[in-house]
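The structure appears right after this line, and notes come after that.
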Amino acid sequence: MLFSFISKLKTKANRANLKDESFEFLFEEDRSGEYVVIDTETTGLDIKEDEILSIGAVKIKDNKILTSQTFEVFLKNSKEISSKSIKIHRIRPFDLKDAKTTEEGIVEFLNFVGSRPLVGYYLEFDVSMINKYTKKMLGITLPNRMIEVSEIYFDKSISLIPQGNIDLRFDTILKSCNIPNMGAHNAVNDAIMTAMIYLKLTKGSN
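Residue numbers (my numbering): 259 to 464.
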């Protein structure tokens with residue numbers, strides 16, 4: 259009860275900071291019955307210093323992944339992409355020649371997501387990166403409910419291995435859930451694989 263009250267207060271305060279009324283829809287009650295699984299590719303893991311290179315997302319409804327409704331946007335960045343990060347996300351400067359400005363890309367993302375709940379793997383990082391832009395552009399952070407798949411996996415695993423160390427690496431969770439690795443490491447593929455994990459872990463409970 260107390261947590262719910264505090265959460266409502268935070269949402270109200272967040273909404274009061276909204277600079278553009280055309281984005282009021284982000285705070286409306288979601289009636290779509292859909293979830294949006296998201297993933298970002300970034301220049302690094304420093305939320306303050308690094309930037310988003312791409313955002314991928316896919317919707318889930320009625321325990322089905324709506325692969326016909328995927329979202330992908332590449333964003334222009336102001337810094338040189340390190341060779342180390344290129345090895346991870348395989349996004350080269352050439353791949354960003356037609357990228358959109360961060361403002362354009364974030365607006366497209368917000369319109370795709372709306373007020374739907376967000377699902378992700380280490381979602382807090384992705385949302386924190388996106389919040390860096392929404393805070394500057396709109397004065398707010400994402401108000402969407404967040405669902406972390408690694409937490410669901412941990413909760414299910416700890417009952418089987420109560421005193422063991424739970425391996426929460428993405429590839430380990432994929433293998434444990436008998437989900438094939440799609441290979442190409444990009445935001446959309448990672449979002450789809452995360453969606454598959456989420457459905458496997460929550461089957462029958464949605």
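Every residue, glycine too, gets a C-beta built ideally from N, C-alpha and C.
Give a yes or no on whether the C-beta atoms belonging to residue i and residue j are separated by under 7 Å.
| i | j | result |
| --- | --- | --- |
| Val377 | Tyr293 | yes |
| Glu406 | Leu381 | yes |
| Gly291 | Val331 | no |
| Met440 | Met454 | no |
| Ala445 | Ser312 | yes |
| Glu307 | Ile349 | no |
| Leu333 | Thr301 | no |
| Pro401 | Asn272 | yes |
| Tyr379 | Ser408 | yes |
Would you grab the beta carbon distance between residue i and residue j for me? Rounded to a whole angstrom, and I think it's under 8 Å.
| i | j | result |
| --- | --- | --- |
| Asp297 | Gly314 | 5 Å |
| Leu252 | Phe281 | What the structure shows of the chain is the stretch from 259 to 464, and residue 252 is not part of that stretch, so it cannot be assessed. |
| Lys458 | Ile424 | Between Ile424 and Lys458 the Cβ distance is about 16 Å, and since that is not below 8 Å, they are no contact. |
Which word fits residue i, buried or exposed, when buried means at least 16 other C-beta atoms lie within 10 angstroms of its C-beta?
| i | result |
| --- | --- |
| Phe329 | buried |
| Asp304 | exposed |
| Phe263 | exposed |
| Arg374 | buried |
| Asp448 | buried |
| Ser465 | What is shown of the chain runs 259 to 464, which leaves residue 465 out entirely. |
| Ile318 | buried |
| Val339 | For the sequence presented, residue 339 should be read as Ile rather than Val. Under this definition Ile339 is a buried residue. |
| Thr325 | exposed |
Select from the options the residue whose C-alpha is nearest the C-alpha of residue i.
| i | options | result |
| --- | --- | --- |
| Lys358 | Ile455, Ile310, Val371 | Ile310 |
| Lys461 | Ile323, Asp356, Arg374, Ile349 | Ile323 |
| Lys277 | Phe370, Thr399, Asp356 | Thr399 |
| Val371 | Thr301, His443, Val316 | Val316 |
| Lys433 | Leu418, Ile416, Tyr411, Lys270 | Tyr411 |
| Asp413 | Arg403, Pro401, Ile431 | Ile431 |
| Leu368 | Ser415, Ile388, Lys270 | Ile388 |
| Phe428 | Leu418, Lys390, Ser417, His443 | His443 |
| Thr269 | Ser417, Leu418, Arg403, Tyr456 | Arg403 |
| Phe283 | Lys390, Val365, Asp353 | Val365 |
| Cys435 | Leu418, Tyr456, Ile419, Lys393 | Tyr456 |
Mind checking if residue i is an interface residue toward chain B, Cβ cutoff 7 Å exclusive?
| i | result |
| --- | --- |
| Asn369 | Checking the listed chains, one finds no chain B in this structure; it contains a single protein chain. |
List in chain order: all unbroken alpha helix (DSSP H) runs of 4+ residues lying wholly within the region 339-412. Given a length threshold of 4 residues, each whole run of the alpha helix (DSSP H) inside the region 339-412 is given here in chain order: 341-347, 360-371, 381-396.
May I have a chain-ordered list of the alpha helix (DSSP H) segments no shorter than 4 residues that lie completely inside the region 418-461? Entirely contained in the region 418-461, the alpha helix (DSSP H) runs reaching 4 residues are, in chain order, 428-434, 445-460.
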